[in-house]
Each structure stands twice: as structure tokens, then as C-alpha cells.
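The sequence shown runs 1 to 498 under the UniProt record's numbering. This report refers to the structure that appears directly beneath it.
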Amino acid sequence: QNNSSGYQNDGANPSNVETNPRPDSTKFSCNLLVTHLSPVACDPVDDHSPRTSSPSSPWTQRISILWVFIRPIMEQITEKYGPVSSVRLGNKLLVIVGRVEPALALLEGRSSIYCDRPQLEMAGNIMSGGLRTLCLPYGERWKRFRRVLHSQLDTKAAISYQPIQERASRQLILDIVERPKCFTEALTRYAASVIIKITYGKLTPIFHDDAEVLQVIKTLNRFTKAARIGSHAVDRFPWLRYVPGWVAQGRKWHSEELDLFSSQVDGVRREMNIPGKRDNCFTSYMLEPALAVVIFAAACHPSEVKKVQDELESVVGNGRMPTFDDHLELPLVSAFVCETFRWRPVSAAGFMHAAVKDDVYEGHFIPAGSLVIGNHWSIHRDESVFPEPEKFDLTRWLMIDEESGKTVLRSDMRHFAYGFGRRKCAGVTIADRSMFINTANLLWSFDIKNKMGKDGNLIELDTMAFEDATNSRPKPFEVDFVPRVPDLRRAIEEMSAC
Numbered sequence: 001q002n003n004s005s006g007y008q009n010d011g012a013n014p015s016n017v018e019t020n021p022r023p024d025s026t027k028f029s030c031n032l033l034v035t036h037l038s039p040v041a042c043d044p045v046d047d048h049s050p051r052t053s054s055p056s057s058p059w060t061q062r063i064s065i066l067w068v069f070i071r072p073i074m075e076q077i078t079e080k081y082g083p084v085s086s087v088r089l090g091n092k093l094l095v096i097v098g099r100v101e102p103a104l105a106l107l108e109g110r111s112s113i114y115c116d117r118p119q120l121e122m123a124g125n126i127m128s129g130g131l132r133t134l135c136l137p138y139g140e141r142w143k144r145f146r147r148v149l150h151s152q153l154d155t156k157a158a159i160s161y162q163p164i165q166e167r168a169s170r171q172l173i174l175d176i177v178e179r180p181k182c183f184t185e186a187l188t189r190y191a192a193s194v195i196i197k198i199t200y201g202k203l204t205p206i207f208h209d210d211a212e213v214l215q216v217i218k219t220l221n222r223f224t225k226a227a228r229i230g231s232h233a234v235d236r237f238p239w240l241r242y243v244p245g246w247v248a249q250g251r252k253w254h255s256e257e258l259d260l261f262s263s264q265v266d267g268v269r270r271e272m273n274i275p276g277k278r279d280n281c282f283t284s285y286m287l288e289p290a291l292a293v294v295i296f297a298a299a300c301h302p303s304e305v306k307k308v309q310d311e312l313e314s315v316v317g318n319g320r321m322p323t324f325d326d327h328l329e330l331p332l333v334s335a336f337v338c339e340t341f342r343w344r345p346v347s348a349a350g351f352m353h354a355a356v357k358d359d360v361y362e363g364h365f366i367p368a369g370s371l372v373i374g375n376h377w378s379i380h381r382d383e384s385v386f387p388e389p390e391k392f393d394l395t396r397w398l399m400i401d402e403e404s405g406k407t408v409l410r411s412d413m414r415h416f417a418y419g420f421g422r423r424k425c426a427g428v429t430i431a432d433r434s435m436f437i438n439t440a441n442l443l444w445s446f447d448i449k450n451k452m453g454k455d456g457n458l459i460e461l462d463t464m465a466f467e468d469a470t471n472s473r474p475k476p477f478e479v480d481f482v483p484r485v486p487d488l489r490r491a492i493e494e495m496s497a498c
């Protein structure tokens, strides 16, 4: 950004700072102001409309809103203050929905009211240039973007992407066989390769340490952290974006992201002139955190994994890997995916909605502009729907079909990992298929076990050790991948050659 006053933003050389001290002093004053105002802006208060009351307020003492999104605290809020509670966030009311019934009533049943997004200055405007569909306010632009996404993410399109997903999944297994201690890098490679291949039609091999892969991961990690409530003061005080130097880093990140994806688009244009290299394209979502939770859950719950492996042996056998054609015959694999999403949701707090007009729910007034969170962590621990919520239990998703007598996935049960209402993830079908094929292949290929300690005892994983971000993954952990098929690498390579 050019400045008529002659000073530079962050990173200015010392001589400029000495001769033009105004930006530093201005920024210091704003830092001081924000430091003192932030706790006040986050104070929860009892808010009563003359007509009705707002949902009960969680706290009567000063507490940072950041603590709302630590998993145990979120559940304590819902248990103490009810399925719908509220907290004052600056001049906004933040409504926390923590049980299945109100989530369905408000975010699904009244999706026309709760279809908006709050204005996220850093994640939505500064880092994304106001062009990221996830952050767009409800309106004509969002509808146009959504129509384009649906055209490339519907069931018909998803079928055409299955070969891409199967090849990438087999490569994921080979990567883990080759370097089991680096399985997180293998997951990163899988996620990035699927994104790049489906979105931009790239056919060349992709490795976890490719520059473009590393940049994709860096970009998405930045966004998930920036989208977290309270991560940037500019979200609470939008005027800070006009303070010199305050948002320079965010603008730099936006520029880097544009350069990355512009280079990919240019590559697509070049390849479209080569016969046989045209391919379907869409912008995919990061799958790595969800797959990391699958591996984490498998190590923590070996008895449930054994049930899935018995099913795989019965349906698939040892002579080939699972494919999408096996989907209907592998309900326990699908149940494992569903239970993983429920037990440790990747997005513990969900992504915020905003009310486009006033609403009343069970006598509580929710004014237009209120921020509304479908608290995935608490919703998935609703004991009226999910008894013994801390128990990892596949049977909660299964039933016996009366006509066939077979075990099938229940049609009356669902998880909420993909969001709610009009803001539900547009890529649900493709995401579900990626989760299915990778879970099936991982559990077909390996016994995933806790590491053995020096004392000869298994090292138990801390089941609450997760990162605090919009898309949360387990904190770094180690497991052993024990191949279940003799000479697994050669077997997979032979299958891939067929």
C-alpha cells in the first residue's frame, strides 16, 4: 500500500521510523486501546428485550471469549445454561446452540433466517479479498458462487472423481508403508493432491514436499486459524484495518494465495490445449485433519476397529483393496466414519451463522445480526440422541434391515460435521466418499496401534489433545502401522497395475 505521508508499513527501515514516528505511535496507541477494551468487549451480560428475554447468559464475571471454544468448557456451558445460551461479544449477541433439537429447529428449520455469515475482517475480507464462498454474506454473489459449486459437486460429478480418489488413497497407503513415522506428511500429500488434481486437473505426480503442496497447506492452515473467533482484534474492531501497518501481514497472505492459485489456473489453461488432458475442476476442502482423526480413533478403539476389519475380510478379502463398488456392503466402515465425526468433530465449534432478521425461540429474543454457532462438540454429545457420548460405539449408527436381514446404516441418524441449512458444505458427497475410501483402505491395510513404551506397556493417547482452531486436528501423536497383508507394498502396486 502506498502512503501519501511518506512512511512505510511494517518492515520499514530504521531511518524511516526515526524521521516519521507517527505510525509507530499510532499503532502503539491502538494496541493499548485494544488491549484495554478487549476484555470489556467480551464481557457476557444478561440481555433482556422488552418483549422477550435473550437466551440465558453463560457468565456473570469477566472471561475471554476465546475460552468458549475449548471443548470441555463448551460442554460445561451447555450443561449449566441449557441447550441455547448467549454471551455478549462486543456489540453483538453470540448465541451458542448446544443440542440437536434446537440446532435442527433454528439452523435447519429456520435456515432462511440463519443463512448469513458474520463479517470476518481478517479471514473473509483481508485474507480472502471478500471472495471466499465460506465467508460471503448471504446475497446474490453468494448464490452465484454456490450455483457454480453445486454444478461441479453434485452426485454425478462426484462419480467422475472416484478414480482420482482411489488412486490417491492407494498412494497414501504406499507412503505410510514407506515412511510410517511420517504419516501426517502422507495425509497432507493426499489432501493437497486431491485438491490440486480435482480442482486444476493436474496429472503429474505430487509429493508431500512439492512447493505447491506446501503452499496449499500453509494457505489453508492460515485461514483456519484466522477464522477462529477472537484470533484477530480487527474482527472486533473493524476500524483497525485503516490503521497503517495493522493488516499488512493479512494482505501479504492474500497476495500469496492469489499467486498460488493463479499459477495453477495458468497451468490448466496450458494443459487444456493438449488432447486427453481436460478434466473436471472444483475447489475442494482440506481432508487431512479428518483423516488424522480416523487414525487417532483407530489407535484408541481397537475393539471397534476389529469389527470393521472382520467386515472387510468378509466382503473384500485379502486379494484386493476396497473400492467404491463395495460401499453398500461395508456399513461398518461408514459407521466408523460417522462415529469419528461425532466423537471428535474436526470443527468443534462449527462455523458461525448470523441472523438476517429478528427471531424468537421458545420465548427468547434473538435480534437481527446476532452471531449463532451450532456447537458441534456439544451437539454431538447430546445424550438424548447419542447415549454415553464419550463411548466410541459403531452400533449407534447401525440397524437391521427388515427385508434383507442385513446390517445397514441408519437413515434416521446423522452427524453435523458438514454444517447446517443453506450453509451446509456443498461438497458433502465428495467429502463422504473420500472419507469412506481412505478409512476402508487404512483399516484393510494396517492394524493401527499405540506405541510401546520402554517399560513394555502401551502408551495411551490423550483423547482430549486436540489443536484449538476452526478445523481442529489431534496434536502431534505417534502410532505403529502394522501391515495386515504380506508384502503390502508389492500387493498394492500389483493391484494398481491391473
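We treat Cβ as the ideally placed atom computed from N, Cα and C, and that holds for glycine. Keep in mind the model is a prediction, meaning the values are calculated, not measured.
Buried/exposed call for residue i, threshold 16 Cβ in 10 Å
i: W444; result: buried
i: G421; result: buried
i: P476; result: exposed
i: P118; result: buried
i: W395; result: Per the sequence presented here, residue 395 reads as Thr, with Trp not at that position. Answer is exposed; the Cβ neighbour count stays below 16.
i: C42; result: Low local confidence applies: a pLDDT of 33 at C42 is under 50, so the model's placement there is unreliable, with the coordinate-based value given in what follows. Buried.
i: P289; result: buried
i: V337; result: buried
i: P188; result: Inspection of the sequence shows that residue 188 is occupied by Thr rather than by Pro. Classification of T188: buried, given that the 10 Å Cβ count is 16 or more.
i: A431; result: buried
i: I400; result: exposed
i: K306; result: exposed
i: A355; result: buried
First and last residue of the uninterrupted alpha helix (DSSP H) at residue i
i: T340; result: 331 to 343
i: I379; result: 376 to 379
i: L398; result: Run containing L398: none in the alpha helix (DSSP H); it sits in the beta strand (DSSP E), 398 to 400.
i: I164; result: 155 to 178
i: R132; result: It is not in any alpha helix (DSSP H) - R132 carries neither H nor E in the DSSP assignment.
i: A233; result: 233 to 236
For residue i, the three-state DSSP class (helix, strand or coil)
i: H415; result: coil
i: F242; result: Position check: residue 242 holds Tyr in this sequence, whereas Phe was assumed. Note: Y242 maps to helix in three-state DSSP.
i: L120; result: coil
i: D432; result: helix
i: A297; result: helix
i: F351; result: coil
i: T407; result: strand
i: V97; result: strand
i: P302; result: helix
i: V356; result: coil
i: I113; result: coil
i: V372; result: strand
i: L287; result: coil
i: L107; result: helix
i: P476; result: coil
Nearest to residue i (by Cα), restricted to the options the options
i: A186; options: L442, L153, N457, N450; result: L442
i: I77; options: A168, L153, V97, N91; result: V97
i: P137; options: K307, G363, H353, A211; result: H353
i: W239; options: N375, E121, S151; result: E121
i: L153; options: V479, T429, F466, R473; result: T429
i: R134; options: L461, Y418, S472, D447; result: It is Leu, not Arg, that sits at residue 134 in the sequence shown. That would be Y418, whose Cα lies nearest to the Cα of L134.
i: R414; options: S334, L461, D447; result: S334
i: P83; options: D382, P483, E390, F446; result: D382
i: A349; options: C425, F416, V148; result: F416
i: D468; options: D447, S370, K454, K225; result: K225
i: C195; options: E178, Q215, F341, T184; result: Looking at the sequence shown, residue 195 is not Cys but Ile. That would be Q215, whose Cα lies nearest to the Cα of I195.
i: S496; options: G319, S411, L104, C425; result: G319
i: F296; options: S472, A105, G109; result: S472
Distance between residue j and residue i (C-alpha atoms, nearest Å)
i: V68; j: M74; result: Summary for V68: the model assigns pLDDT 41, below 50, so the residue's position carries little reliability; its value from the coordinates is reported in the next sentence. Answer to the nearest angstrom: the Cα atoms are 6 Å apart.
i: R433; j: F324; result: 8 Å
i: Y114; j: V485; result: 50 Å
i: P180; j: F481; result: 7 Å
i: R490; j: D175; result: 13 Å
i: L32; j: L458; result: Below a pLDDT of 50, predicted positions are generally treated as unreliable, and L32, at 35, falls in that range; the measurement from the model is reported next regardless. About 49 Å.
i: K92; j: M435; result: 37 Å
i: S193; j: S169; result: 10 Å
i: E311; j: D326; result: 11 Å
i: L291; j: Q165; result: 14 Å
i: R141; j: S347; result: 26 Å
i: K451; j: A299; result: 9 Å
i: I373; j: V87; result: 11 Å
i: Y190; j: T199; result: 14 Å
i: D462; j: K454; result: 18 Å
i: S411; j: F446; result: 30 Å
Start and end residues, beta strand (DSSP E) containing residue i
i: F481; result: 479 to 483
i: F365; result: 364 to 366
i: S86; result: 84 to 89
i: D447; result: 446 to 450
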